[in-house]
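Just below is one structure, and these are the notes that go with it.
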Amino acid sequence: MTSFKVRGTIAQTIGELPKVGQPAPDFELTNAELEEVTKAWLAGRRVVLNIFPSVDTGVCAASVRRFNELAADLANTTVLCVSMDLPFALGRFCGAEGLENVVVASAFRSSFGDDFGVTQANGPLAGLFARAIVVLDEQGVVLHTQINEDLHVEPDYSAALASL
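If you read the sequence shown in my numbering, its first letter stands for residue 663, the second for the next number, and so on.
In structure tokens:
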């Protein structure tokens, strides 16, 4: 269980982030075209998991935009933006913003949040995800993790990219 702030309230996650140096849990997500996105689908590529509560909030939207900019310069790397938003909302957001360098995926019908230790157990956004980053190497081994101490602050982009 990890604690963080949400609008001045302390919230916790269900479980813990995967450990650095360990294989990441397998996952099944749904992209904007309603296709499966899995750890196996991404095999052979480095992966930055940008995990957040909802693309309909300012900080979450900003993180997707910023990772879209950064992803353009990352060789053999996929930035996968993950939330509980429906795939339609994620696709609409990326289409309206012209974002083409990130992959958006919904966990609306998977155990991703619990498996990765990012589901909020309590607080005003219970059931949605904490703001987190998990970076994987080409074999799916965890290189870096971060849960923001304050949900209303953007992730540490530099630390995530430095781990690559």
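All C-beta atoms in this analysis are idealised placements derived from N, C-alpha and C, irrespective of residue type, glycine included.
Keep in mind that this is a model prediction, so the values were computed, not measured.
Asked	Found
Best match in ALA767, ASN763, ALA792, CYS756 for proximity to PRO817 [C-alpha to C-alpha]	ALA792
Coarse secondary structure for ASP812, derived from DSSP in three states	strand
Where GLU697 falls: helix, strand or coil (DSSP)	coil
Among LEU823, VAL804, ALA794, SER820, nearest to ASN810 - alpha-carbon criterion	ALA794
Segment limits, alpha helix (DSSP H) that includes ASN784	Taken as a continuous stretch (DSSP letters only), ASN784 belongs to no alpha helix (DSSP H), as it is neither H nor E.
N- and C-terminal bounds of the alpha helix (DSSP H) containing SER772	Counting along the chain, SER772 falls outside any alpha helix (DSSP H), and DSSP gives it neither H nor E.
Straight-line Cα distance separating ASP735 from ALA686	24 Å
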